[in-house]
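The working numbering puts the sequence shown at residues 3 to 191. Where a beta carbon is used, it is the ideal one built from N, C-alpha and C, also for glycine. Down below is the structure, laid out as structure tokens.
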Amino acid sequence: MGNKIVLLLPVGVMLGLFIFGYASLSGTEEVTNEELQETIILQAEQLDDSHVNIKWQWGNFPKDGLAGMDYIELLIIDASGNEKTSAVSGGMLQLTQGDDTLYHSDEVKKTANGAVMSLPNDMSDEAILGPSGEATFRLAEPLEEEETVAINYYHTWVEHPLSLSQEVTLNEALEKEISQYYWISKVSN
């Protein structure tokens, strides 16, 4: 009897871990890239007169995988509803996983109606780029009282060439290249 316990105890523990792991994984809701829009948490905060901070966190991981680039767009809208095109002078973007920073960029591109920072969607080894991050835009001049900030988070799920310029908006460029493979989540202050 004494030797049987030595054999049965590890088998029982392994069986319990298997059942618990299976129950945990089957309880996780899976979403597609198209459905991911319903689970994203997007927050914008004006840090001071010259800096706007955006944080995002995906609620789930898309079961159909990662591909393409995502974009954070900042628009400054004046009192009459017009977008100010040269309102951003720089920025910083970082992608995180837990407490680790996996990607960093300070590249900001201007478009016909605002400014854009791009971020990769990628998974390699244990690193997953895209689901969690933070971007800070530096404004060329302080916001006036009647101006508002609008943030658009564009998620794509196909590889695509995209050349941004000051002659076209980000939405127009994406619509031309990958019209059915992206969505936009918006927040404003």
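Isoleucine 7, buried or exposed, once every other Cβ within 10 Å from all chains shown has been counted against 16: exposed
Proximity below 9 Å, CB of leucine 172 to CB of glycine 132: no
Assigned secondary structure, glutamine 14 (DSSP; H/G/I helix, E/B strand, else coil): The residue asked about is misnamed: residue 14 is glycine in this sequence, not glutamine. It is helical.
Any 3 or more C-beta pairs closer than 8 Å across the segment 98-108 and the segment 139-152: no
DSSP state of phenylalanine 63 mapped onto helix, strand, coil: In the three-state reduction of the DSSP assignment, phenylalanine 63 falls in the coil class.
Which of helix, strand or coil DSSP assigns to alanine 46: Looking at alanine 46 - three-state DSSP - the assignment turns out to be strand.
Valine 110 in three-state terms, based on DSSP: coil
Start and end residues, alpha helix (DSSP H) containing alanine 175: 172-180
Assigned secondary structure, glutamine 168 (DSSP; H/G/I helix, E/B strand, else coil): coil
Short Cβ contact (9 Å threshold) for leucine 141 with isoleucine 78: Contact flag set, yes.
Spatially closest choice to aspartate 51 from Gly61, Val151, Ser181, by CA coordinates: Of Gly61, Val151, Ser181, the residue nearest in Cα terms is Val151.
Classification of serine 126 by the beta-carbon crowding that lies within 10 angstroms, buried from 16 upward: exposed
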